[in-house]
Structure formats: C-alpha cells, structure tokens
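Scroll down for the structure; my scribbles are underneath it.
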Amino acid sequence: MFVPSEAPYHERKVTLLNGPHTVLSPVGYLSGLDTVRECCEDSLIGRFVDKVMYEELLSTLNLPKVELTKFAGDVKSRFLNPFVKHFVTSIMLNSFPKFKTRDLPGLKIYHDRKGTLPKCIVLGLAAICTYYKGGKRGNDEITPNDAPEIIDLLKNLWATNNCAEVAKGVLSAVSIWDENLNLIPGLTAMLTEDLEIIQNEGMRKAVEMVL
176 MFVPSEAPYH
186 ERKVTLLNGP
196 HTVLSPVGYL
206 SGLDTVRECC
216 EDSLIGRFVD
226 KVMYEELLST
236 LNLPKVELTK
246 FAGDVKSRFL
256 NPFVKHFVTS
266 IMLNSFPKFK
276 TRDLPGLKIY
286 HDRKGTLPKC
296 IVLGLAAICT
306 YYKGGKRGND
316 EITPNDAPEI
326 IDLLKNLWAT
336 NNCAEVAKGV
346 LSAVSIWDEN
356 LNLIPGLTAM
366 LTEDLEIIQN
376 EGMRKAVEMV
386 L
C-alpha cells in the first residue's frame, strides 16, 4: 500500500492488537486462564475479547470500517493460533504504561464520540489494578512486575481496603498518566464499581455484568 502516512496503520496495529492484549490478559488471568488462546476460546472471556475489539476499540479508529473489521479478524486468528502459546503473565509486565499507550487513547475517543465510557476497557483497567494488589490465584503467587513507584503506589492504595480510594488514587497518578484521569466524567465511579464487584463476586461475574 502506498499511503500519505503510515500513522493510521500504526495506530490500527497498536489499538486492535496490543490494546486487546493489555486488557484481556489480567481479565483472563484472574478468571483462571493462562494463555491468549485460552482467553479467546473461553465462552465468557472470548465474548469480552470480541466486545473490546469489535465494539469498543474498532469504533475509535478512522480507517474504513470494512478494512478495520478484516484486520481485527486477522488479529483474532493470530490470538487463536494453536502453535503459539502466549502466556498472559508475559503480557502483563508493565501493564499501566501499556494501558496508557494502547487503551487510554481509545477510551478517550470512545467517550468523546459516544458520550459514554467503554465498559470492557474500564473493566480491563480494574483487572490491572486488582492484579497489582498481589496475593494468590489458586496456589500461584501473583507477582506484578513494574516500576517500584507503581508497585508501591498500588500496595499503599490497597492497604486502605477501600475500592473508591484505589480508583481515585490510581486515576490521579500523574506519574503514570501525565494527567488526572479522575477528570474524565464517570470514570472514577465506574472503576470503583468494577473493583468492588471483582473483590466481592470475582472476575468472571464482573465480566458477565459488562457484556
């Protein structure tokens, strides 16, 4: 393809391949799944992945919809490749910076265009926050890997045992976002609610509620 700029195609790749990776990984992991393929094949988490890709992130891009849909389908086929065992724990390294570059732009554009927030993307952020709480998943120790200041921030926020404080504290972390995300209308309340559902009823129940 000969085009005036590669920028829309780079944005397409980051948004429709890396963006879903970043949110499906903590959601899938906290649902008991270990690989991207398992997430896509799971009857519930697979629907979550499709909604993130086809309904939320795809609608934030400016290329023709037919072209974007085909690319998303190719990405989904890659996720389902039986010869690739892509562990979600490897994707979750440095999740907050990844969310900032891969999913936050789409969240903002979705909100600007539709006047509402993308529920699955916000739940993905709640899953990241929950993963960074640490603890155990079954017999496995949860060990987030990020900059020490981010690990310490989440440790201190979760020590309050208050999901509203965790949500406000994460969203106000200018050191992560270069801005205060509490200023996005409705985001603090939605993130708080998602965190509470995950804590009280589990990850899979939280996914059910956004689908």
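Counting from 176, one number per residue, gives the positions in the sequence shown under the working numbering. Don't be surprised by glycine CBs; every beta carbon is placed ideally from N, CA and C. Nothing here was measured: the structure is a model prediction, and the numbers come from that model.
Just to confirm, is the Cβ distance from residue 254 to residue 215 under 8 Å?
Numbered from 1 along the sequence shown, position 79 holds the residue referred to as residue 254. Numbered from 1 along the sequence shown, position 40 holds the residue referred to as residue 215. Yes; because the gap between Cβ atoms is below 8 Å, this pair is in contact.
Hey, quick one: how far does the alpha helix (DSSP H) through residue 323 stretch, first residue to last?
On the sequence shown, residue 323 is found 148 positions in, with the first residue counted as 1. Where residue 323 is concerned, the enclosing alpha helix (DSSP H) stretches over 323–333.
Name the DSSP beta bridge partners of residue 311, please?
Sequence index remark: in the sequence shown, residue 311 carries index 136 (1-based). Answer by DSSP bridge pairing, in chain order: 316.
What are the boundary residues of the alpha helix (DSSP H) that residue 293 is part of?
For the purposes of this step, residue 293 is taken as residue 118 along the sequence shown, with counting starting at 1. From DSSP, residue 293 is part of no alpha helix (DSSP H); its letter is neither H nor E.
Can you tell me which of the three DSSP states residue 258 falls into?
What you label residue 258 is simply residue 83 of the sequence shown in a count that begins at 1. If DSSP states are grouped into helix, strand and coil, residue 258 belongs with coil.
Excluding the five sequence neighbours on either side, which residues of its own chain have a C-beta within less than 7 Å of the C-beta of residue 342, listed in chain order?
Residue mapping note: residue 342 aligns to position 167 of the sequence shown, counting from 1. Excluding residues within five positions, the ones whose Cβ falls inside 7 Å are 363, 366, 367, 370.
Alpha helix (DSSP H) containing residue 209: first to last residue?
Stepping through the sequence shown from its first residue, residue 209 is reached at position 34. Element bounds for residue 209: n/a, residue is neither H nor E.
Between the Cα of residue 317 and those of 188, 290, 307, 378, spot the shortest distance and give me the residue it belongs to.
Mapped onto the sequence shown, residue 317 falls at position 142. Among 188, 290, 307, 378, the Cα nearest to that of residue 317 is on 307.
For residue 282 and residue 293, which I take to be in contact (beta-carbon distance under 8 Å), what is that distance rounded to the nearest angstrom?
Along the sequence shown, one-based indexing puts residue 282 at 107. Along the sequence shown, one-based indexing puts residue 293 at 118. About 6 Å separates the two Cβ atoms, so the contact holds.
Just mark residue 226 as buried or exposed, buried being the case when its beta carbon has 16 or more other beta carbons within 10 Å.
Locating residue 226 in the sequence shown gives position 51, counting from the first residue. By the 10 Å Cβ count, residue 226 comes out buried.
Figure out for me which residue from 272, 347, 195, 312 has the closest Cα to the Cα of residue 229.
Position 54 of the sequence shown, counted from the start, is the residue given in the question as residue 229. The shortest C-alpha separation from residue 229 is found at 195.
Please check the pair residue 247 and residue 191, which I expect to be a contact at CB under 8 Å, by giving their CB distance rounded to whole angstroms.
Numbered from its first residue, the sequence shown carries residue 247 at position 72. Numbered from its first residue, the sequence shown carries residue 191 at position 16. Confirmed, Cβ separation roughly 5 Å.
Would you check if the distance between the CB atom of residue 275 and the CB atom of residue 351 is smaller than 8 Å?
Numbered from 1 along the sequence shown, position 100 holds the residue referred to as residue 275. Numbered from 1 along the sequence shown, position 176 holds the residue referred to as residue 351. Yes; because the gap between Cβ atoms is below 8 Å, this pair is in contact.
What's the call for residue 334, buried or exposed, on a 16-neighbour Cβ count within 10 Å?
To locate residue 334, count along the sequence shown from 1; it is residue 159. Residue 334 should be labelled exposed.
Output needed for residue 338: all residues of its chain with C-beta closer than 7 Å, excluding positions within five of it in sequence on either side, in chain order.
By one-based count along the sequence shown, residue 338 stands at place 163. Answer for residue 338: 367, 370, 371, 374, listed in chain order.
What are the boundary residues of the alpha helix (DSSP H) that residue 273 is part of?
By 1-based counting over the sequence shown, the position of residue 273 is 98. Run containing residue 273: 270–277, per the alpha helix (DSSP H) assignment.
Rounded to the nearest angstrom, how far is the Cβ of residue 270 from that of residue 321, given a contact under 8 Å?
Taking the sequence shown and counting its residues from 1, the one referred to as residue 270 is at position 95. Taking the sequence shown and counting its residues from 1, the one referred to as residue 321 is at position 146. Their Cβ separation, rounded to whole angstroms, is 7 Å, which keeps residue 270 and residue 321 in contact under 8 Å.
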